[in-house]
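In the numbering used here, the protein residues as written are 50 to 545. Yeah, the Cβ is synthetic: ideal placement off N, Cα and C, and Gly gets one too.
Dropping the structure here:
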């Protein structure tokens, strides 16, 4: 049996991080330093925009329902249709980028996202808006995997850690900005257009980013054709994710009817069929949708688990805090949207802090970040337990959690990119993004369900709402501690 050190596909120890020269891996040309940072700005702007549209419809839901006379189910599909298409196609987008060129697929995704955003803004009815939101999610799924792939391909060492810090800010900041921007634009009611500017704003931004991508993203030769794409694997994975995420997104609102449990149960055999098909394809010398080395590496699995759990608590907090402040305390959408500003501000400190940490201490940072996140949830719980309900102190305490998530998210993703060689950048990007979306949906379904079951949101009473939020924070703190254990295990793999 070969030793672990002799296996070229396994690289558990990160390389030295003081090397300023990127590898230009995966067939991509090496770029000058200034060019790389312009490329990063384009990629992160796209990631930021995609994340904004994940959250922005939540704040706009009441206005959309009233303007289009949509039913509750149709309004729910306006929100979830985007997330479903986004989550289902992320791995497919990553594989297409690897085989057909990251720039080519990024531009195709940006074009689809921009056109679909215009269709959303002009939608005359709920059905057209739902279809446009699904197309918008598909466009996001094509362009977003190219972001992390581009970082791993064009940045190395300390520069990669710095770039991943900005990437993490785009992830968290986009979701919060979606709520804040949505609340401000709806309250402004520009030219009597109501909710429509929240989608219309994407059109000029999308055109500008397409121009910038043509200028700064390097062109790549195709590494494969359509016959190199595992169509059967794409179909099975899409069906498995669809069966999993749809009931998670819609189950809580619909009281978990029988079809939701049937879908969840059916996702298991479909996922098993997908894994078996991938293994058979790899054994025949084919190119599976997800490289076997990515899912086989124990360190990556532990780090993915930790990242998924922390992401789950974060998405749940976004959902629960918006409901708590608006339905529980009676605040407006703009107030609720701005509540997480301190979280994002503290989150942004994670990248610079990690870049300053000595290399020998970096393996400890993922677990430390998870523990700081747990402390943040505990601090907010303590504030509510002493009889407080809202106010500046609550928002400042949220900053502790934001700092913890910033440290953990940056270090977990960075650790995963250093664990595997750069040739697995596309596979890892798709897996990380899909894991985050599924975990976020699971968090809203479970932790959000805890809050909704314990709070009387229909009566807008502060006491029961605070009670529900306290229990949700307890569960989140416990999960953050568990994620610290998983992060420690993944960052300190056992040597044989």
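Exposure label - residue i; buried when at least 16 CB within 10 Å
i: residue 214; result: buried
i: residue 101; result: buried
i: residue 370; result: buried
i: residue 308; result: exposed
i: residue 303; result: exposed
i: residue 430; result: buried
i: residue 239; result: exposed
i: residue 132; result: buried
i: residue 163; result: buried
i: residue 71; result: Since pLDDT at residue 71 reaches only 47, below the 50 mark, its modelled position is unreliable, and the value read off the structure follows with that caveat. Result: buried.
i: residue 260; result: exposed
i: residue 311; result: exposed
i: residue 255; result: buried
i: residue 88; result: buried
i: residue 407; result: exposed
i: residue 508; result: In this prediction, residue 508 has a pLDDT of 47, which is less than 50 and means its spatial position is unreliable; nothing more can be read from the coordinates.
i: residue 335; result: exposed
i: residue 540; result: buried
i: residue 435; result: exposed
i: residue 209; result: buried
i: residue 519; result: buried
i: residue 538; result: buried
i: residue 75; result: Only weak support is given to the placement of residue 75: the predicted model assigns it a pLDDT of 47, under 50, and the value that follows is read from those uncertain coordinates. Burial call: buried.
i: residue 485; result: buried
i: residue 602; result: No statement about residue 602 is possible, as the shown extent of the chain runs from 50 to 545 and does not include it.
i: residue 385; result: buried
i: residue 337; result: buried
i: residue 441; result: exposed
i: residue 257; result: exposed
i: residue 295; result: buried
i: residue 321; result: exposed
Candidates the options, of which the one nearest residue i by Cα
i: residue 137; options: 516, 521 and 490; result: 490
i: residue 498; options: 348, 282 and 361; result: 361
i: residue 411; options: 437, 373, 457 and 431; result: 457
i: residue 511; options: 398, 380 and 331; result: 380
i: residue 119; options: 541, 84, 152 and 175; result: 175
i: residue 283; options: 91, 323 and 153; result: 323
i: residue 432; options: 108, 516 and 233; result: 516
i: residue 173; options: 331, 115 and 372; result: 115
i: residue 452; options: 388, 177 and 420; result: 420
i: residue 349; options: 264, 107 and 536; result: 536
i: residue 376; options: 514, 423 and 208; result: 514
i: residue 161; options: 526, 417, 193 and 148; result: 193
i: residue 394; options: 218, 354, 205 and 328; result: 218
i: residue 185; options: 299, 442, 105 and 280; result: 105
i: residue 150; options: 262, 485, 212 and 245; result: 262
i: residue 378; options: 333, 351 and 437; result: 437
Contact under 8 Å by Cβ, residue i with residue j
i: residue 243; j: residue 235; result: yes
i: residue 521; j: residue 487; result: no
i: residue 126; j: residue 179; result: yes
i: residue 494; j: residue 426; result: no
i: residue 190; j: residue 134; result: yes
i: residue 374; j: residue 439; result: yes
i: residue 85; j: residue 268; result: no
i: residue 403; j: residue 478; result: no
i: residue 165; j: residue 143; result: no
i: residue 444; j: residue 533; result: no
i: residue 343; j: residue 469; result: yes
i: residue 196; j: residue 339; result: no
i: residue 313; j: residue 391; result: no
i: residue 223; j: residue 96; result: yes
i: residue 449; j: residue 424; result: yes
i: residue 293; j: residue 363; result: no
i: residue 167; j: residue 154; result: no
i: residue 158; j: residue 188; result: yes
i: residue 462; j: residue 356; result: yes
i: residue 346; j: residue 328; result: no
i: residue 366; j: residue 525; result: yes
i: residue 252; j: residue 289; result: no
i: residue 170; j: residue 281; result: no
i: residue 301; j: residue 503; result: no
Any non-hydrogen atom of the ligand MN closer than 7 Å to residue i Cβ
i: residue 208; result: The ligand MN is not part of this structure, which contains no ligands at all.
In chain order, which alpha helix (DSSP H) runs of at least 4 residues are fully inside the stretch 342 to 377? 347 to 372
Run through the stretch 462 to 530 for me and flag every whole alpha helix (DSSP H) of 4 or more residues, listed as ranges in chain order. 474 to 503
Curious, which full-length beta strand (DSSP E) runs of at least 3 residues does the stretch 175 to 209 contain? none
List, from N- to C-terminal side, the alpha helix (DSSP H) runs of 4 residues or more that fit wholly inside the stretch 241 to 327. 246 to 249, 251 to 265 and 280 to 299
So within the stretch 97 to 166, which uninterrupted alpha helix (DSSP H) runs reach at least 4 residues, ignoring any that extend past its ends? 121 to 149
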